[in-house]
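Which chain is which? The protein sequence lines are A and B, in order.
In this text, residue positions in the first sequence follow full-length UniProt numbering: the first is 1, and each later residue adds one.
In this text, residue positions in the second sequence follow full-length UniProt numbering: the first is 1, and each later residue adds one.
By construction, the Cβ of each residue, glycine as well, lies at the ideal position given by its N, Cα and C atoms.
Since the structure is predicted, the reported quantities are computational estimates derived from the model, not experimental observations.
2 protein chains.
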Amino acid sequence: MNRKELIGQIREKKSFLCVGLDTDIQKIPAFLLNEEDPVFEFNKQIIDATREFAVAYKINTAFYESRGIEGWKSLIKTWEYLPKDCFSIADAKRGDIGNTSEMYAKAFFNIESSGMSFDSVTVAPYMGADSVKPFLKFPEKWAIILALTSNEGSKDFQYLSSDGNMLFESVLQKSGEWGSKENIMFVVGATRGEDFLTIRKHVPDHFLLVPGVGAQGGSLDEVCRYGMNKECGLLVNSSRAIIYASSGTDFAEAAAAGAQAVQQEMEKWVREL
Amino acid sequence: MNRKELIGQIREKKSFLCVGLDTDIQKIPAFLLNEEDPVFEFNKQIIDATREFAVAYKINTAFYESRGIEGWKSLIKTWEYLPKDCFSIADAKRGDIGNTSEMYAKAFFNIESSGMSFDSVTVAPYMGADSVKPFLKFPEKWAIILALTSNEGSKDFQYLSSDGNMLFESVLQKSGEWGSKENIMFVVGATRGEDFLTIRKHVPDHFLLVPGVGAQGGSLDEVCRYGMNKECGLLVNSSRAIIYASSGTDFAEAAAAGAQAVQQEMEKWVREL
Numbered sequence: 001m002n003r004k005e006l007i008g009q010i011r012e013k014k015s016f017l018c019v020g021l022d023t024d025i026q027k028i029p030a031f032l033l034n035e036e037d038p039v040f041e042f043n044k045q046i047i048d049a050t051r052e053f054a055v056a057y058k059i060n061t062a063f064y065e066s067r068g069i070e071g072w073k074s075l076i077k078t079w080e081y082l083p084k085d086c087f088s089i090a091d092a093k094r095g096d097i098g099n100t101s102e103m104y105a106k107a108f109f110n111i112e113s114s115g116m117s118f119d120s121v122t123v124a125p126y127m128g129a130d131s132v133k134p135f136l137k138f139p140e141k142w143a144i145i146l147a148l149t150s151n152e153g154s155k156d157f158q159y160l161s162s163d164g165n166m167l168f169e170s171v172l173q174k175s176g177e178w179g180s181k182e183n184i185m186f187v188v189g190a191t192r193g194e195d196f197l198t199i200r201k202h203v204p205d206h207f208l209l210v211p212g213v214g215a216q217g218g219s220l221d222e223v224c225r226y227g228m229n230k231e232c233g234l235l236v237n238s239s240r241a242i243i244y245a246s247s248g249t250d251f252a253e254a255a256a257a258g259a260q261a262v263q264q265e266m267e268k269w270v271r272e273l
Numbered sequence: 001m002n003r004k005e006l007i008g009q010i011r012e013k014k015s016f017l018c019v020g021l022d023t024d025i026q027k028i029p030a031f032l033l034n035e036e037d038p039v040f041e042f043n044k045q046i047i048d049a050t051r052e053f054a055v056a057y058k059i060n061t062a063f064y065e066s067r068g069i070e071g072w073k074s075l076i077k078t079w080e081y082l083p084k085d086c087f088s089i090a091d092a093k094r095g096d097i098g099n100t101s102e103m104y105a106k107a108f109f110n111i112e113s114s115g116m117s118f119d120s121v122t123v124a125p126y127m128g129a130d131s132v133k134p135f136l137k138f139p140e141k142w143a144i145i146l147a148l149t150s151n152e153g154s155k156d157f158q159y160l161s162s163d164g165n166m167l168f169e170s171v172l173q174k175s176g177e178w179g180s181k182e183n184i185m186f187v188v189g190a191t192r193g194e195d196f197l198t199i200r201k202h203v204p205d206h207f208l209l210v211p212g213v214g215a216q217g218g219s220l221d222e223v224c225r226y227g228m229n230k231e232c233g234l235l236v237n238s239s240r241a242i243i244y245a246s247s248g249t250d251f252a253e254a255a256a257a258g259a260q261a262v263q264q265e266m267e268k269w270v271r272e273l
């Protein structure tokens, strides 16, 4: 999905919600465990219940990889089931030397090779240009580069200052040499609204993927006030707060209600674009 | 495998060679493509041919993931076939917020969950403490943290200087708060021998995993001169130069000869420990 199509979806659905499928087999409702593939069945019902309110789905690959072959099967089936009008994210935090990143790009973008073709992959920047560029060779595919994350450990290195720039600022600047707002987004944690001002100084036009609203403690209003640009420029992710809204047989209805509540908050902001 | 056992293996085999199984189905000898699982068959013969000369095997997971379910099957079979007296590395460059890194740790360490239990996983440090610590909760398992990599893109961020420390030095220092020489190693690229002096100033006792000798252009002598400590402290990886030494039916013999040649170079250094 290209940038124009994504912005079109946001305007149409009046939403920039990304639903995070961090599906933990130990947390899904017990009655689903009788299904042949409980994780896929859970995801399917969550997707059906939320697709009207969401413009993107983010699959956290770790939760699938932890279950070996069975998990990988659930991952592929879930990718296949994602609505084609939604932007798909493999949240895999990959990155390695060039010839290895090419293989990771194949894993998530090349359906003939791997059985999957996401719109985007999250990528760690530590290894620099050649670890990211292989993901940018695929037309209408995206690398979503970690800039400023929302976890406690983000303070360890991301704020280190060098020549007047913090590390996450250097990441934002450098990536301009690698790609454009048409194929690069950034992960920006939502816990500190003021950081968005710094981010937008460097990348006024790029889309930002914002985790950390909900379970991780960020505020949607603050994110929008400081992070939104004139074409929205935000995908705000919510995982646990939506998918685990209820642990009973009404889990899908509860997820729908949760997603709708977020979408309604977002609608105010999209109307002003 | 714990540190003492690893050092014991190094002394016994007079080798600190790690063979990298970056197995690309498009590069293996054509006659193997008739096998049910050509990648596993290739790896099996490479392992049989090199196990006498190697103390470790590093599986580059990207090459397996790129082939979806089939690749994941080859990965698990290869892990199962690794000799138990060799140190096993899942070269996966993972790292995410705490609850997600826990899932990655399960993927590579918890055999009940994923079907695999490597001795170690390579980990990207960008997200800080909570992205690494979940890997350290498993007894006798290791996190191998990216410090200074051997690729061109390593110059983008790893040498950025903050308060007199380059980023890779901050990574070395911080990690002391997370674990010890018993459960942390570092990836250190081999293309600049002088960098080892800086590395050893910060982590005199830790093991270093050194890629980049061979195809990536590093010199073994330089690595040993500057990087070795009194308990060896090095695992030197060679992938393409060994596994693709011949593209004919003699590929395994050629790999054995390649591994033996490196082992013989290493023997001089191990004798002096």
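In this structure, B:F251 is the residue among B:K106, B:K14, B:F251 and B:E5 with its C-alpha nearest to the C-alpha of A241 (chain B). Two segments are said to touch when three or more pairs of C-beta atoms, one from each, lie closer than 8 Å; by this definition the stretch 114-121 of chain B does not touch the stretch 161-181 of chain B. For M103 (chain B), the closest Cβ of chain A is nearer than 7 Å. At least one beta carbon of chain B lies nearer than 7 Å to the beta carbon of S161 (chain A). Of the residues assessed, N34 (chain A) falls on the exposed side of the cut-off, its CB having fewer than 16 other CB atoms within 10 angstroms.
The C-beta of N151 (chain B) comes closer than 7 Å to at least one C-beta of chain A.
DSSP places I10 (chain B) in the helix class (H, G or I) of the three-state scheme. Around the Cβ of A30 (chain B), a 10 Å sphere holds fewer than 16 other Cβ atoms; the residue is exposed.
With its beta carbon at least 7 Å from every one in chain B, K77 (chain A) lies outside the interface. Taking a C-beta distance under 7 Å as the contact criterion, L136 (chain A) and N99 (chain A) do not qualify as a contact pair. At a cut-off of 7 Å between C-beta atoms, E65 (chain A) counts as an interface residue with respect to chain B.
Around the beta carbon of R225 (chain A), fewer than 16 other beta carbons sit within 10 angstroms, so the residue counts as exposed. Around Q264 (chain B), the same chain offers no residue with a beta carbon nearer than 6 Å, after the five sequence neighbours per side are excluded.
For I59 (chain A), the secondary structure class from DSSP, reduced to helix, strand or coil, is strand. Exposure of E272 (chain B) is indicated by the presence of fewer than 16 other C-beta atoms within 10 angstroms of its C-beta. Residue burial is scored here from C-beta neighbours: Y81 (chain B) has fewer than 16 other C-beta atoms within 10 angstroms and is therefore classed as exposed. CA-CA distance, S247 (chain B) to Q26 (chain B), rounds to 11 Å. Between G153 (chain B) and A129 (chain A), the C-beta gap is smaller than 7 Å, which places the two residues in contact. With a contact defined as Cβ atoms closer than 8 Å, A90 (chain A) and Y104 (chain B) miss out at about 14 Å.
Beta-carbon to beta-carbon, I76 (chain A) and I76 (chain B) are separated by about 16 Å, too far to satisfy the 8 Å threshold. Within the stretch 106-121 of chain B, those residues whose Cβ lies closer than 8 Å to any Cβ of chain A are, in chain order, K106, A107, N110, S113, S114, G115 and M116. Here DSSP, grouped into helix, strand and coil, assigns D37 (chain A) to coil.
Listed along chain A are F157 and L160, each with a C-beta nearer than 7 Å to that of S170 (chain B). When DSSP states are grouped into helix, strand and coil, V187 (chain B) belongs to the strand group. With a contact defined as Cβ atoms closer than 8 Å, L148 (chain B) and Q158 (chain B) qualify at about 6 Å.
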